[in-house]
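For reference, the structure discussed in these notes is given below.
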Amino acid sequence: MPEVKLLGPMVCALSALALPFFTGCANNSGLAEQNRFEDTYEGVVSAREYGYVRPATDVVVRGRTYVVERGARGARGDLWQRVRSGMQLDLQANASIDATLQRFRRDPRYLERLSQRASPYLPTIVAEIERRGLPMELALLPHVESRYDPAATSPKAAAGMWQFIPSTAREMGLRLDGRIDERRDVVASTRAALDYLEQLNRRFDGDWELTMAAYNCGPGCVSSAIKANRSAGKPTDFWSLDLPNETRQYVPQILAASKLVADSRRYGQHLPAIPDQLGTARSTRRQATRLNGSRGRVVENGEQVRIRERDRSS
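The sequence shown maps to residues -18 to -1, 1 to 296 in mature numbering (1 follows the signal peptide of the UniProt record, and there is no 0).
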């Protein structure tokens, strides 16, 4: 994971467990020692994923550990329930979706394996989808793309959990060079993929089936199929278009997997819970304190401190 760059003010904390020179935060006498400590100390900041400190966020200081928690503090449960709650697509009866769903059902451990593969990465995906207000069905897209495998590589040079080809990856701002391939960075690629999906969704007037099709075969492919149908006086919805066979199977796979997750018991499947808890990201102490608006304040262990969101451009 790349180095954390916190975008919100944090808390400079004192606690019974802190080192003695930690008090340099409140005065100038220990500044040199404090700076040396800040450059070398690494704490843990939990903010679902690095880079975002959002409104209504609490900072909890526990000894030498910084914990940032959103919303329902300490809430634990099944992350899949958040996925279900965030599903937005109105899926009508469709023969292709139903046939795909029945094929998935024939494997009694289909959802068990899906949950196992998704477990390390779903917290990041869900948090980013929620942040943008997008349909949670998109959380199943990397299952179809790569089985949630950041190391996946296709014969067509697509790579990472979201299977970006090099040209699209660079277009969406991912770094690809001899040293770094951000297509394999879970956080960076997730943000880039959702940026791309939002871009495609605007192009196709909010139609998510066309959006997912364009993610698979490219926006030009879908636009050409729409143009051909329009010229022939035919419907221009996804199910009516003449698209590549892979794309015609791709969208039903995402939607069928979504239906299984939404009501696994109905389909005789067991979906193992993924603990709904905040992930962690490493941060140097200097990064955690340099924007602190309450420098010098003593914070007791477990005290919650309200913080403000900082503009991403700063």
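Cβ atoms here follow ideal geometry from the backbone N, Cα and C, with glycine treated the same way.
Going by other Cβ atoms of all chains shown within 10 Å of its Cβ, with 16 needed for buried, is residue i buried or exposed?
{"i": "Ile79", "result": "buried"}
{"i": "His125", "result": "buried"}
{"i": "Arg110", "result": "Going by the sequence as given, residue 110 is Glu instead of Arg. With 16 or more other Cβ atoms within 10 Å, it is buried."}
{"i": "Asn227", "result": "exposed"}
{"i": "Lys138", "result": "exposed"}
{"i": "Gln251", "result": "buried"}
{"i": "Arg64", "result": "buried"}
{"i": "Ala141", "result": "buried"}
{"i": "Gly241", "result": "Before going on, a small fix: residue 241 reads as Lys here, not Gly. Under this definition Lys241 is a buried residue."}
{"i": "Pro97", "result": "The question names Pro, yet the displayed sequence has Ser at residue 97. Label assigned to Ser97: buried."}
{"i": "Gln84", "result": "exposed"}
Mapping the DSSP letters down to three states, classify residue i as helix, strand or coil.
{"i": "Leu242", "result": "helix"}
{"i": "Thr82", "result": "helix"}
{"i": "Thr218", "result": "coil"}
{"i": "Asp177", "result": "helix"}
{"i": "Leu158", "result": "strand"}
{"i": "Ala210", "result": "helix"}
{"i": "Pro102", "result": "coil"}
{"i": "Ala141", "result": "strand"}
{"i": "Pro148", "result": "helix"}
{"i": "Pro257", "result": "strand"}
Quick one: Cα of residue i to Cα of residue j, how far?
{"i": "Ser171", "j": "Tyr92", "result": "25 Å"}
{"i": "Val233", "j": "Asp159", "result": "31 Å"}
{"i": "Asp177", "j": "Met154", "result": "8 Å"}
{"i": "Asp245", "j": "Asp89", "result": "16 Å"}
{"i": "Arg129", "j": "Leu225", "result": "23 Å"}
{"i": "Arg114", "j": "Leu253", "result": "26 Å"}
{"i": "Arg267", "j": "Glu112", "result": "Note that Arg267 scores a pLDDT of 42, beneath 50, so its modelled location is shaky; the value from the coordinates is reported in the next line. Between Arg267 and Glu112, the C-alpha separation is close to 28 Å."}
{"i": "Ser213", "j": "Phe220", "result": "16 Å"}
{"i": "Gly215", "j": "Ser67", "result": "38 Å"}
{"i": "Arg161", "j": "Ala151", "result": "15 Å"}
Looking at residue i and the ligand FAD, is the gap between the Cβ and the nearest heavy atom below 7 Å?
{"i": "Arg95", "result": "The model on display carries no ligand, and the ligand FAD is accordingly not part of it."}
Can you check whether the CB of residue j is closer than 8 Å to the CB of residue i?
{"i": "Trp144", "j": "Glu127", "result": "yes"}
{"i": "Asp131", "j": "Asp258", "result": "no"}
{"i": "Leu122", "j": "Ala255", "result": "no"}
{"i": "Pro201", "j": "Leu223", "result": "no"}
> Do the region 193 to 202 and the region 152 to 166 meet, that is, are 3 or more Cβ pairs less than 8 Å apart?
Replying inline: Flag = no, the region 193 to 202 and the region 152 to 166 do not touch.
>> Using 8 Å as the cut-off, can you tell me whether the region 129 to 147 makes contact with the region 173 to 189, which would need three or more C-beta pairs spanning the two stretches below that distance?
In response: Output reads yes: the region 173 to 189 touches the region 129 to 147.
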